[in-house]
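Remarks on the structure that follows.
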């Protein structure tokens, strides 16, 4: 499993790109696992908001991918444009 530190860093980096498409309830659903010490869950939640219209810098995409478990990399790499 990826480290919590990597997941937290990736989630924090991803948030500004997906935040415009999130409601207040969505933000609460992100913040709850973050404050509970479950940044990986928060990262996966945010990845659900990634669309083709969102332009995430390549370095950020690589950081997100590095934070994912191998099985999740296969699922989310295409969504991240890889």
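In the working numbering, the protein residues as written are 253 to 334.
Glycine included, every Cβ here is placed at the ideal spot set by N, Cα and C.
*At which residues does the alpha helix (DSSP H) containing residue 316 begin and terminate?*
Sequence index remark: in the chain shown, residue 316 carries index 64 (1-based). 310 to 319 is the span of the alpha helix (DSSP H), which, as asked, contains residue 316.
*Look at the alpha carbon of residue 261 and the alpha carbon of residue 285, and state the distance between them as a whole number of angstroms.*
Start at 1 with the first residue of the chain shown, and residue 261 comes out as number 9. Start at 1 with the first residue of the chain shown, and residue 285 comes out as number 33. Each residue's alpha carbon lies about 14 Å from the other.
*Since residue 315 contacts residue 259 with CB under 8 Å, what's their CB separation in whole angstroms?*
The residue labelled residue 315 in the question sits at position 63 within the chain shown. The residue labelled residue 259 in the question sits at position 7 within the chain shown. Wrong, their Cβ atoms sit about 10 Å apart, outside the cutoff.
*How is residue 305 classed by DSSP in three states: helix, strand or coil?*
By 1-based counting over the chain shown, the position of residue 305 is 53. Shown here, residue 305 sits in coil according to DSSP, grouped into three states, outside any helix or strand.
*Beta-carbon gap between residue 313 and residue 332 smaller than 7 Å*: Looking up residue 313 in the chain shown gives position 61. Looking up residue 332 in the chain shown gives position 80. Taking 7 Å as the Cβ cut-off, residue 313 and residue 332 qualify as a contacting pair.
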